[in-house]
Amino acid sequence: MNLTGKWRSATYALAICSGTLVAPAAAQSGGDDDVQMQKIVIALPNGKRIVRYVPRPKKASVPLPGTGSGSNPTPTPPKVTPPPPPNPPSGGGGDSGDGSGGGGQNKDDFTPPDAPDDLARQIAQWLEWYRAGDMRADENGDGKLNIADYTDLVSRLRGTTPPTDPGAGQDAPGDDAGDPGTPPTDESGWTDLAPSPGSRVIYVSNSRGNDSNDGLSEQTPVRSISRGISKLRDGHPDWLLLRRGDTFTETFGRFAFSGKSESEPMVISAYGEGPRPKIISGASPAVNFAGSDMRQHLAFVSLEFRPGTGHPAAGFRIVTGAVEDLLIEDCFIKDYKDNIVVQGELGDTIKNVRIRRNLILDARGNTHAQGIYASHTDGLLVEGNIIDRNGWDYERGRDASATIFAHNCYMQRTAAGLVFKDNIVMRGGSHGIQARHGGIIEDNIFFRNPMSIMFGNEGNKATAVPVEGTVKRNVILEGTDISSDLIRGDAIILQNTASVEVTDNIISHNINEPSSAYGISIDGPTTAPVRNALIADNIISNWDLPFRVHGHNAESAVFRDNVLYDSDDNKPLIKHRYRDTVGAVTYLNNHYLSGRDNGQWFTLGSTQLDLQDWQQDYDGRAQEWNGAFADENRSLDTYAQSLGMSGVDELIQAMRAMRKGAWDERLTAGAIEAYFREGFEVVGSR
Numbered sequence: 207m208n209l210t211g212k213w214r215s216a217t218y219a220l221a222i223c224s225g226t227l228v229a230p231a232a233a234q235s236g237g238d239d240d241v242q243m244q245k246i247v248i249a250l251p252n253g254k255r256i257v258r259y260v261p262r263p264k265k266a267s268v269p270l271p272g273t274g275s276g277s278n279p280t281p282t283p284p285k286v287t288p289p290p291p292p293n294p295p296s297g298g299g300g301d302s303g304d305g306s307g308g309g310g311q312n313k314d315d316f317t318p319p320d321a322p323d324d325l326a327r328q329i330a331q332w333l334e335w336y337r338a339g340d341m342r343a344d345e346n347g348d349g350k351l352n353i354a355d356y357t358d359l360v361s362r363l364r365g366t367t368p369p370t371d372p373g374a375g376q377d378a379p380g381d382d383a384g385d386p387g388t389p390p391t392d393e394s395g396w397t398d399l400a401p402s403p404g405s406r407v408i409y410v411s412n413s414r415g416n417d418s419n420d421g422l423s424e425q426t427p428v429r430s431i432s433r434g435i436s437k438l439r440d441g442h443p444d445w446l447l448l449r450r451g452d453t454f455t456e457t458f459g460r461f462a463f464s465g466k467s468e469s470e471p472m473v474i475s476a477y478g479e480g481p482r483p484k485i486i487s488g489a490s491p492a493v494n495f496a497g498s499d500m501r502q503h504l505a506f507v508s509l510e511f512r513p514g515t516g517h518p519a520a521g522f523r524i525v526t527g528a529v530e531d532l533l534i535e536d537c538f539i540k541d542y543k544d545n546i547v548v549q550g551e552l553g554d555t556i557k558n559v560r561i562r563r564n565l566i567l568d569a570r571g572n573t574h575a576q577g578i579y580a581s582h583t584d585g586l587l588v589e590g591n592i593i594d595r596n597g598w599d600y601e602r603g604r605d606a607s608a609t610i611f612a613h614n615c616y617m618q619r620t621a622a623g624l625v626f627k628d629n630i631v632m633r634g635g636s637h638g639i640q641a642r643h644g645g646i647i648e649d650n651i652f653f654r655n656p657m658s659i660m661f662g663n664e665g666n667k668a669t670a671v672p673v674e675g676t677v678k679r680n681v682i683l684e685g686t687d688i689s690s691d692l693i694r695g696d697a698i699i700l701q702n703t704a705s706v707e708v709t710d711n712i713i714s715h716n717i718n719e720p721s722s723a724y725g726i727s728i729d730g731p732t733t734a735p736v737r738n739a740l741i742a743d744n745i746i747s748n749w750d751l752p753f754r755v756h757g758h759n760a761e762s763a764v765f766r767d768n769v770l771y772d773s774d775d776n777k778p779l780i781k782h783r784y785r786d787t788v789g790a791v792t793y794l795n796n797h798y799l800s801g802r803d804n805g806q807w808f809t810l811g812s813t814q815l816d817l818q819d820w821q822q823d824y825d826g827r828a829q830e831w832n833g834a835f836a837d838e839n840r841s842l843d844t845y846a847q848s849l850g851m852s853g854v855d856e857l858i859q860a861m862r863a864m865r866k867g868a869w870d871e872r873l874t875a876g877a878i879e880a881y882f883r884e885g886f887e888v889v890g891s892r
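If you count by the numbering used here, then the sequence shown holds residues 207 to 892, one letter each, in order.
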């Protein structure tokens, strides 16, 4: 399974395991004016759909999703809407593909011929019982039949429908064994690489080598990278190894080689003990992929890249679609304008690039500097990296160098199949990550970024394709400003979504004052609204304004089971810029506490509400937060001190010094996330 397949499977697992496969849309029956039909769309990993129409019971015990009265409708689960089937069935028997229900006409059920047999069978059986009023369809055992039983059916199918892992997209070390798209990892989490019987291993040492040597042993290394490259064989699993501790003032040039296969890649790496071999590239990219010749099955591991002078365009530069199956791991890349560029072409995408456990630092230039820039990709894994202080010149300061255009990570709207996990993303010029095409953003640490996560962004394009994915289990700390003139501090910004889950994130303490920092913000133009957003189980603590809807850009969202706590008295807990947008968000079972006067906790346009009014009109199960966290004041400073360090500066320096052979798990996203989850564990009653 390649990374794109993994991304689709993870999206499918999200739908199966969270119970959000229910996608109701009203459609009228063709024969009985008193019967309304409920359309259900089941997303499949291959991009097709199973479409079913279910009659709404005439006497439902509770309002069906989307049919609640007043200003507090019953919450509708987010819809998972994949692209329509390429060839919908003819003769009125299929779905129109636009989710409209076909203009009010009752349609036949449609199951793609390649639907998983077991899934199709179980869904069909349940629908037969449901339509017949057979209580065997009562999945939740409440003695009534309603659409909630379908959600429970989906929950029961966990583990019996592919993929069975509810944590798809969160790979444990080694869980990809046998997956040709992602080689397995060893017990320490590094990609498991070893020469094969057909490999030629070439050694290069600037300090001990001679270009007249054969380069076939550590005792007879060649001296220059160029001489070593001349001994590589295209299409073979050859290895080019540079001696650790050596410094090379040359580049790999325009790299024109491929490995043999996914299981037998060509590897460019290091040998010996000590620090990574250092490549000083000058004004040129250290590694350059360009041109139309296909390069594939390659791994660049344990190398250090610096320009040495100035800030040339890119360190690791891929500007061609003719690249597939590339690993960049345990590399140190610093001081380029763009440290890593992965840029395919329209109609010719770069496939299956894996950027793992690298140090990606201090990208800076006059404009638009990025730690990682990606566009026209089809499968991009960014995992376990330290990504720090990219997009501005720390020597000149933020006011002199930071802009809205430069980021730690900038994933363009054409960067498909993104999995961004277990990274530590700190002190970016503007965004920690712009994930304009959506994707999976999970288990990351974001620290002192002016804006941590932008999910989806298509500008003002009315024809833009909405995006899908998840933003889960991230820890976002200490939002700040781009500069003294560019006030920011936002944690999560949502724009132009078809379906997104924002769940189980910790957002704690913006540090810029005065600020307009938003914990979670629904944003963007009205032509590209946020649809089918589930925002649940998040903790937003002492962030200036925990949740806002900026304009008429929310179409459907569920906001439930969140804790919004702010001891400050400057801003409300929830703000809708326009009162008429409140109906687009279903609020349910949230906990609130503010340092403001109770009558100012919620703002709808020019109207302020207290908790009682909010409960009555919008969140019938809202509660005042009466609980406590184990230690809500935890920070990276206190984490550093728990490790015996003086504070966060020493912690970051230790992170920036890590490498294979000297990798400290205490300085990784997983360990830091665990520390904060322990601190935000609820003690006592809510």
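Cβ atoms here follow ideal geometry from the backbone N, Cα and C, with glycine treated the same way.
Predicted model only: the values in this text are computed from it and were never measured.
Taking 8 Å as the cut-off, does the stretch 671 to 687 touch the stretch 797 to 808 (at least 3 CB pairs, one atom from each stretch)? These segments do not touch.
Residue span of the alpha helix (DSSP H) that contains residue 844, given as start and end: Residues 842 to 848.
Rounded C-alpha distance that separates residue 624 from residue 481: For residue 624 and residue 481, the distance between alpha carbons rounds to 31 Å.
Tell me the rounded alpha-carbon separation between residue 787 and residue 797. Rounded to the nearest angstrom, the two C-alpha atoms are 21 Å apart.
Beta-carbon separation of residue 174 and residue 457 under 8 Å? Here the chain has residues from 207 to 892 only, and residue 174 is not among them.
May I ask you to report which of helix, strand or coil DSSP gives residue 548? Of the three classes helix, strand and coil, the one that applies to residue 548 here is strand, per DSSP.
Would you mind working out which of 475, 430, 519, 400 sits nearest residue 416, comparing C-alpha positions? Closest option to residue 416, Cα to Cα, is 430.
Output needed for residue 554: all residues of its chain with C-beta closer than 6 Å, excluding positions within five of it in sequence on either side, in chain order. Excluding the 5 residues flanking it on each side, residue 554 has same chain C-beta neighbours closer than 6 Å at 527, in chain order.
Sort out for me which residues DSSP pairs residue 657 with in a bridge. Per DSSP, the beta-bridge partners of residue 657 are 637, 696.
Could you tell me which residues DSSP puts in a beta bridge with residue 557? Checking the DSSP bridge columns, you'll see residue 557 partnered with 530, 584.
Got a sec: is the Cβ-Cβ distance from residue 781 to anything in chain D below 8 Å? This model lacks chain D altogether, as it is built from one protein chain only.
Determine the DSSP secondary structure at residue 882, reduced to helix, strand or coil. Three-state result, residue 882: helix.
Around the C-beta of residue 603, are 16 or more other C-beta atoms found within 10 angstroms, so that it is buried, or is it exposed? Taking all protein chains in view, the Cβ of residue 603 is surrounded by fewer than 16 other Cβ atoms within 10 Å, so the residue is classified as exposed.
Hey, could you find the ends of the beta strand (DSSP E) residue 434 is sitting in? No beta strand (DSSP E) holds residue 434; the alpha helix (DSSP H) holding it covers 431 to 436.
Under the three-state reduction of DSSP, which class applies to residue 579: helix, strand or coil? Correct three-state label for residue 579: strand.
Under the DSSP definition of a beta bridge, which residues are partnered with residue 494? Its beta-bridge partners are 460, 523.
Classify residue 760: buried if its beta carbon has 16 or more other beta carbons within 10 angstroms, exposed otherwise. Residue 760 is buried by the Cβ-count criterion.
Using the three-state DSSP reduction, which class does residue 399 fall into: helix, strand or coil? Shown here, residue 399 sits in coil according to DSSP, grouped into three states, outside any helix or strand.
Could you tell me the alpha carbon to alpha carbon distance between residue 505 and residue 652, rounded to whole angstroms? The alpha-carbon atoms of residue 505 and residue 652 are separated by roughly 28 Å.
Hey, could you find the ends of the beta strand (DSSP E) residue 770 is sitting in? From DSSP, the beta strand (DSSP E) with residue 770 extends over 769 to 772.
Can you give me the C-alpha to C-alpha distance between residue 500 and residue 645, rounded to a whole angstrom? Per the coordinates, the alpha-carbon of residue 500 lies some 26 Å from the alpha-carbon of residue 645.
Secondary structure of residue 783, DSSP reduced to three states: Secondary structure of residue 783 (DSSP, three-state): coil.
Residue of 409, 747, 836 minimising C-alpha distance to residue 945: Any property of residue 945 remains undetermined from this structure, which presents the chain solely from 207 to 892.
Beta strand (DSSP E) segments (min. 3 residues) lying fully within the stretch 701 to 771: Whole beta strand (DSSP E) segments, 3+ residues: 703 to 709, 712 to 714, 724 to 728, 739 to 742, 745 to 747, 751 to 755, 763 to 766.
Closest by C-alpha distance to residue 628, when choosing among 572, 561, 579: Of 572, 561, 579, the smallest CA-CA separation from residue 628 is found for 561.
Enclosing alpha helix (DSSP H) for residue 856 [first to last residue]: 854 to 861 is the extent of the alpha helix (DSSP H) around residue 856.
Tell me which same chain residues have a C-beta within less than 6 Å of the C-beta of residue 510, skipping the five on either side of it? These residues qualify, in order along the chain: 482, 484, 538.
Between the stretch 731 to 744 and the stretch 863 to 874, do three or more beta carbon pairs fall short of 8 Å? Flag = no, the stretch 731 to 744 and the stretch 863 to 874 do not touch.
Burial state of residue 859, where buried means 16 or more other Cβ atoms lie within 10 Å: Exposed.
Using C-beta distances below 6 Å, list every residue in its chain close to residue 521, excluding the 5 sequence neighbours before and after it, in chain order. Cβ within range, chain order: 492, 511, 539, 542, 545.
Which residue wins for smallest C-alpha separation from residue 412, given the options 400, 425, 405? Measuring from the Cα of residue 412, the nearest candidate turns out to be 425.
Residue from 495, 762, 445, 525 whose Cα sits closest to the Cα of residue 471: When 495, 762, 445, 525 are compared, the shortest CA-CA separation from residue 471 is found for 445.
With DSSP as the reference, identify every bridge partner of residue 675, one or two as the case may be. Looking at the DSSP output, residue 675 bridges to 645, 706.
Taking the straight line between their C-alpha atoms, what separation do you get for residue 878 and residue 847? Going from the Cα of residue 878 to the Cα of residue 847 covers about 13 Å.
Using 10 angstroms around the beta-carbon of residue 558, count the other beta-carbons present and answer buried if the total reaches 16, otherwise exposed. Residue 558 should be labelled buried.
Could you pull out every residue in the same chain whose Cβ sits closer than 7 Å to the Cβ of residue 781, ignoring the five residues on either side in sequence? Setting aside the 5 residues that flank it on each side, residue 781 is surrounded in the same chain by 751, 754, 809, each with a C-beta closer than 7 Å to its C-beta; the list follows chain order.
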